[in-house]
Amino acid sequence: MPLKLLQETMRVRLLKKGAAPDAVETYFSRWDVALHADSAAPLPCPDCYVEGAVSLLCRKPSPAGVGIVECPTCMASFEFPDFQQVASTQGIWPTP
Ligand SMILES: [Zn+2]
2 MPLKLLQETM RVRLLKKGAA PDAVETYFSR WDVALHADSA APLPCPDCYV
52 EGAVSLLCRK PSPAGVGIVE CPTCMASFEF PDFQQVASTQ GIWPTP
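Using our numbering, read the sequence shown as starting at 2 and increasing by one per residue.
1. Leaving aside the five residues before and after Q8 along the sequence, list all residues of the same chain whose C-beta is less than 8 Å from its C-beta, in chain order.
2. Around the Cβ of P47, are there at least 16 other Cβ atoms within 10 angstroms (buried) or fewer (exposed)?
3. Mind checking which residues open and close the beta strand (DSSP E) that includes V67?
4. What are the boundary residues of the alpha helix (DSSP H) that includes S56?
5. Could you check if C59 belongs to the surroundings of ligand 1, using beta carbon to heavy atom distance under 7 Å?
6. Could you spell out the range, first to last residue, of the alpha helix (DSSP H) harbouring S78?
7. Measure from the C-beta of L36 to each C-beta in chain D and report whether the shortest distance is under 8 Å.
8. My output table needs one value for P73: the three-state DSSP class, helix, strand or coil.
9. Using a strict less-than 7 Å threshold between each residue's beta carbon and the heavy atoms of ligand 1, what residues do you get?
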């Protein structure tokens, strides 16, 4: 479940940045809303989120085995296990 792995990466990041448990829950509700609204919807950057801003992560092309998303605002990037090769920046969701 690469999506779950990406969520874990984000959860650890938020907690490291000092986000309160409530804020982490709110972050993931935004995520759920985005998931249900549009499967290609971008998810918010955790670093910007703890600063009170919503910035949308972009998927970067990557080889099979690793997924990379990057924030165009703060330039933070996040890696997570993903099994598919990604050749474009279209859509950021890992394969379920
Ligand atoms: Zn950011």
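Note that CB positions come from ideal geometry on N, CA and C, so glycine has one too. Because the structure is a prediction, the values reported are computed rather than measured.
Concretely, from the data shown:
1. F29, W32
2. buried
3. Note, V67: premise wrong, no beta strand (DSSP E); not H, not E.
4. It is not in any alpha helix (DSSP H) - S56 carries neither H nor E in the DSSP assignment.
5. It does not: the Cβ of C59 is nowhere closer than 7 Å to a heavy atom of ligand 1.
6. Per DSSP, S78 belongs to no alpha helix (DSSP H); it is in the beta strand (DSSP E), 78-81.
7. In the structure shown, chain D does not exist; there is a single protein chain.
8. coil
9. With the cut-off at 7 Å, the residues found are C46, D48, C49, S56, C72, T74, C75, A77.
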